[in-house]
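In my numbering, the protein residues as written are 1 to 52.
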């Protein structure tokens, strides 16, 4: 496979990665908007940013 054949696959892969990232951010924003108070939002943010 030469480079010209790989470019469309790379573009599709990049679009899928961007779509996945945007979907994840949208889900997180919806979760934060549905939180009832400041403490609940802080817990959600802590859980999402904690290192595993």
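Positions of the beta carbon are idealized from the N, C-alpha and C atoms, including for glycine.
Please read these numbers as outputs of a predicted model, since none were measured by experiment.
- Approximately 7 Å separates the beta-carbon atoms of residue 48 and residue 28; this is inside 8 Å, confirming the contact.
- Residue 37 sits in coil when the DSSP states are folded into three classes, being neither helix nor strand.
- Between the alpha carbons of residue 24 and residue 6 lies a gap of roughly 27 Å.
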